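> Sending over a structure as structure tokens; questions will come in a sec.
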């Protein structure tokens with residue numbers, strides 16, 4: 293039987309509602325076990341984020357190779373990724389829009405200026421060791437953790453160089469509690485360690501997404517304690533892995549915890565909302 297794969301990018305959502313996260317990240321497995329899900333939906337913010345990440349990746353890889361990739365080239369790569377993902381998912385998933393994004397043209401203008409800001413605030417001073425490198429490690433028999441961290445950065449300090457796990461978050465919401473992303477960054481850090489790297493710190497590079505009539509805000513940083521992020525990630529990934537293996541055997545969804553207090557507990561964001569598999573919303577009229 294092929295191993296199950298857990299994406300590090302899904303780990304931070306797992307404590308919020310483990311049933312929703314399991315169903316979204318393992319939709320094929322859930323469908324194979326006869327669990328009915330709503331059709332997939334895509335948030336426009338995720339499409340914009342994908343575009344920005346593509347532009348950031350090109351700029352960072354150039355920096356790592358001693359090259360300064362032109363701003364226009366980074367922006368074109370970002371727009372190309374945004375359009376490709378939008379086209380790919382337009383037919384397969386309903387698009388969730390928000391008041392910040394506007395139409396496609398406005399989205400592309402946001403992508404361009406966000407890439408420009410990231411290049412200016414982060415890339416120009418970055419010392420990349422790894423950029424968007426896919427790493428995998430077996431966490432327990434039959435389950436692999438897979439992750440592609442944005443940036444492992446070398447930071448000069450008074451006591452010597454330190455390795456920093458950095459993750460870009462493009463968001464339209466104020467990030468009051470950065471540790472909500474500890475499972476994801478801790479997962480990346482553990483994967484780096486499995487390949488011989490020695491991360492000392494972790495941080496979020498927060499790139500706000502605002503209406504076009506407002507100036508593009510700068511990137512802000514939010515540090516996360518490395519030991520704590522790894523501790524949280526270890527607990528989350530092992531709980532997730534064990535429950536997935538058991539679910540693959542018996543198809544029992546009740547072992548996954550639900551959280552009706554979650555901000556994402558709605559038909560808009562959850563593929564199990566109102567479905568038989570969710571005891572918190574089962575039978576609700578949609």
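Numbering (my numbering), first residue to last: 293 to 578. Backbone N, C-alpha and C fix where the C-beta goes; we use that ideal spot for every residue, glycine too. Predicted, not measured: the structure shown is a model, and the values here were computed from it.
When you compare the CB positions of residue 410 and residue 338, do they come within less than 8 Å of one another, or not?
Here residue 410 corresponds to residue number 118 of the chain shown, with the count starting at 1. Here residue 338 corresponds to residue number 46 of the chain shown, with the count starting at 1. For residue 410 and residue 338, no; Cβs fall outside 8 Å.
> Have a look at residue 370 and residue 542 and give me their C-alpha separation to the nearest angstrom.
Residue numbering aside, residue 370 sits at position 78 when the chain shown is read from its first letter. Residue numbering aside, residue 542 sits at position 250 when the chain shown is read from its first letter. Spanning the two alpha carbons is a distance of roughly 43 Å.
> Can you tell me where the alpha helix (DSSP H) with residue 515 in it begins and where it stops?
Walking along the chain shown from the start, residue 515 turns up at place 223. Element bounds for residue 515: not the alpha helix (DSSP H) but the beta strand (DSSP E), 512-516.
> Between residue 357 and chain C, is there a C-beta pair that is closer than 8 Å?
In the displayed structure, chain C is absent; only one protein chain is listed.
> Quick one: give me the first and last residue of the alpha helix (DSSP H) that residue 308 is part of.
Position 16 of the chain shown, counted from the start, is the residue given in the question as residue 308. Unbroken run through residue 308: none, as it is neither H nor E.
> So, does the region 528-535 touch the region 299-315, judging by three or more C-beta pairs under 8 Å?
Touching, yes, given that three or more Cβ pairs across the two stretches are closer than 8 Å.
> Do residue 301 and residue 439 count as a contact pair if the criterion is CB distance below 8 Å?
Reading the chain shown from its first residue, position 147 is the one you call residue 439. Reading the chain shown from its first residue, position 9 is the one you call residue 301. Cβ atoms of residue 439 and residue 301: closer than 8 Å.
> If you check the beta carbons only, do residue 556 and residue 308 fall under 8 Å apart?
Taking the chain shown and counting its residues from 1, one reaches residue 556 at position 264. Taking the chain shown and counting its residues from 1, one reaches residue 308 at position 16. Yes, these two residues count as a Cβ contact at 8 Å.
> Just list the residues that DSSP pairs residue 497 with in beta bridges.
Here residue 497 refers to the residue found at position 205 of the chain shown. Answer by DSSP bridge pairing, in chain order: 460, 513.
> With a Cβ-Cβ cutoff of 8 Å, do residue 475 and residue 528 count as a contact?
The residue given as residue 475 occupies position 183 in the chain shown. The residue given as residue 528 occupies position 236 in the chain shown. Yes, the pair counts as a contact, with Cβ atoms nearer than the cut-off.
> Using a Cβ-Cβ cut-off of 6 Å (strictly less than) and excluding sequence neighbours within five positions of residue 432, which residues of its own chain qualify?
Position 140 of the chain shown holds residue 432. If we look at residue 432 and ignore the five residues flanking it on each side, its Cβ neighbours are 533.
> Could you give the distance in angstroms between the alpha-carbon of residue 406 and the alpha-carbon of residue 460?
Sequence index remark: in the chain shown, residue 406 carries index 114 (1-based). Sequence index remark: in the chain shown, residue 460 carries index 168 (1-based). Going by the C-alpha atoms only, they are around 11 Å apart.
> For residue 428 and residue 398, what's the separation of their Cα atoms in angstroms?
Residue mapping note: residue 428 aligns to position 136 of the chain shown, counting from 1. Residue mapping note: residue 398 aligns to position 106 of the chain shown, counting from 1. Looking at the two C-alpha atoms, the distance is approximately 37 Å.
> Could you tell me the distance, in whole angstroms, from the CA atom of residue 558 to the CA atom of residue 565?
Position 266 of the chain shown, counted from the first residue, corresponds to residue 558. Position 273 of the chain shown, counted from the first residue, corresponds to residue 565. Going from the Cα of residue 558 to the Cα of residue 565 covers about 6 Å.
> Helix, strand or coil for residue 508? Go by DSSP, reduced to three states.
The residue you call residue 508 lines up with position 216 of the chain shown. Three-state result, residue 508: coil.
> Assign residue 546 to buried or exposed, taking buried as 16 or more other Cβ atoms, counted over all protein chains shown, within 10 Å of its Cβ.
Walking along the chain shown from the start, residue 546 turns up at place 254. Counting Cβ neighbours within 10 Å, residue 546 comes out exposed, since fewer than 16 surround it.
> What does DSSP give as the partner residue(s) for residue 452 in the beta ladder?
Counting from 1 along the chain shown, the entry for residue 452 is found at position 160. Paired residue(s): 449.
> What residue range is occupied by the uninterrupted beta strand (DSSP E) comprising residue 429?
Here residue 429 is taken as the residue at index 137 of the chain shown, counted from 1. Segment 420-432, the beta strand (DSSP E) holding residue 429.
> What whole-angstrom Cβ distance do residue 321 and residue 434 have, given they're in contact under 8 Å?
Within the chain shown, the letter at position 29 stands for residue 321. Within the chain shown, the letter at position 142 stands for residue 434. About 13 Å; that fails the 8 Å criterion.
> Check whether the Cβ atoms of residue 526 and residue 496 lie closer than 8 Å to each other.
For the purposes of this step, residue 526 is taken as residue 234 along the chain shown, with counting starting at 1. For the purposes of this step, residue 496 is taken as residue 204 along the chain shown, with counting starting at 1. Not a contact, by the Cβ cut-off of 8 Å.
> Residues in its own chain within less than 6 Å of residue 512 by CB, not counting five upstream and five downstream?
As a position in the chain shown, residue 512 is number 220, starting the count at 1. These residues qualify, in order along the chain: 498.
> So which of 394, 401, 357 has the shortest CA-CA distance to residue 368?
Walking along the chain shown from the start, residue 368 turns up at place 76. Nearest C-alpha to residue 368: 401.
> Which term fits residue 444, buried or exposed, when burial requires 16 or more other beta carbons within 10 angstroms of its beta carbon?
Sequence index remark: in the chain shown, residue 444 carries index 152 (1-based). Residue 444 is buried by the Cβ-count criterion.
> Starting from residue 551, trace the alpha helix (DSSP H) in both directions and tell me its first and last residue.
Here residue 551 corresponds to residue number 259 of the chain shown, with the count starting at 1. Here residue 551 belongs to no alpha helix (DSSP H), and DSSP marks it neither H nor E.
> Which of the three DSSP states, helix, strand or coil, is assigned to residue 363?
In the chain shown, residue 363 corresponds to position 71, counting from 1. Residue state, collapsed to three classes: helix.
> Answer with buried or exposed for residue 317, where buried requires no fewer than 16 other C-beta atoms within 10 angstroms of its C-beta.
The residue labelled residue 317 in the question sits at position 25 within the chain shown. Label assigned to residue 317: buried.
> Mark residue 506 as exposed unless 16 or more other C-beta atoms lie within 10 angstroms of its C-beta, in which case mark it buried.
Along the chain shown, read from residue 1 onward, the residue named residue 506 stands at position 214. The residue in question, residue 506, is exposed, as its Cβ has fewer than 16 Cβ neighbours within 10 Å.
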